[in-house]
Amino acid sequence: MKKALFLFLVLLLPAYCYASIVSTSGNMVEYTQEPNDLGLGKVESNSEMKVFYERQSYILQDNLQIDKGFGQYEGSNFIPANTVVNSYIIHVDPVGTTRITLTGSVTFDTDIIGIIYSTSLLKKSDSKLGCEGVNFEKDNLLRGLELSYGDSWSISNDNKTFSLNTYTDVSMDEIRIITAVPIPNAIFLLISGCGMIFIKNKKRNLFHKI
């Protein structure tokens, strides 16, 4: 039974692939690996809005607070626990104190279901959605977007494209984007979880019999 379950999961592997960024435009640039340190002054650029992959196909352990929800979470300020999500973070940090204005967009292959752009909620979600071992800015109160000082964003009608206009100089701007997970991925995670539970219970029963 154990071997049969393992073979079944292996056969499902082609369906278990990360969602991805389809395209970027303007100053937005895709990076497939999150750096070790996203603190102020650590990853600077006067020409790029860097979008990094964070946790993918991640099952939320508890409710995730967000600044704005979309799709089935329209009007909500959280995404519920046990939802499977993908996370990305857009990072803008000019060199030194250079004053810059950047504009760009990023399109995903699944729906955007929530965004986090306030400094307080970015900090709260770092440990949940950031890749393991990444250091995030903790002291800068202007880490998020300042919508009353030139920063602006928009979402396409199909909820797949996020557009950003950011203005900054001595500070930085970050925004976290949460997207839905394709159904095959969610099914694989569910089956994998059930399979692991089954195997553990099987081992426990065998141990008790011995």
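Throughout the sequence shown, residue numbering follows my numbering, covering 2 to 211 in sequence. A virtual CB, placed ideally from N, CA and C, is assigned to each residue, including glycine. These figures come from a predicted structure and were not determined experimentally.
Mind checking who residue i pairs with in its DSSP beta bridge?
i	result
G105	G27 and L165
T180	N87 and I113
M50	M29
L65	I80
K136	A small fix is needed here, since residue 136 is Asn in this sequence, not Lys. Beta-bridge pairing links N136 to D38.
V93	D174
G70	G115
Y59	V86
Taking residue i as part of the alpha helix (DSSP H), name the residues at either end of that continuous run.
i	result
T120	T120 to L130
Is the beta carbon of residue j closer than 8 Å to that of residue i?
i	j	result
L143	D152	no
N83	S58	no
D132	E35	A small correction: the amino acid at residue 132 is Cys; Asp does not occupy that position in the sequence shown. Closer than 8 Å, so yes.
I179	I114	yes
E49	V30	yes
N141	L41	yes
V85	N47	no
Hey, could you find the ends of the beta strand (DSSP E) residue i is sitting in?
i	result
S153	S153 to I156
With a cut-off of 8 Å on the beta carbons, I'd call residue i and residue j a contact; round off their distance for me.
i	j	result
T169	V52	Incorrect: roughly 16 Å between the Cβ atoms, too far for contact.
Q66	L122	5 Å
T104	N166	5 Å
V182	F109	Rounded, the Cβ-Cβ distance is 11 Å, inconsistent with contact.
D112	K161	6 Å
Within the present structure, is the beta-carbon of residue i separated from the nearest heavy atom of the ligand MN by less than 7 Å?
i	result
V107	The model depicted lacks the ligand MN and carries no ligand whatsoever.
Task: Stretch-stretch touch, CB-based, cutoff 8 Å, three pairs: the region 133-144 with the region 57-76 - done: no
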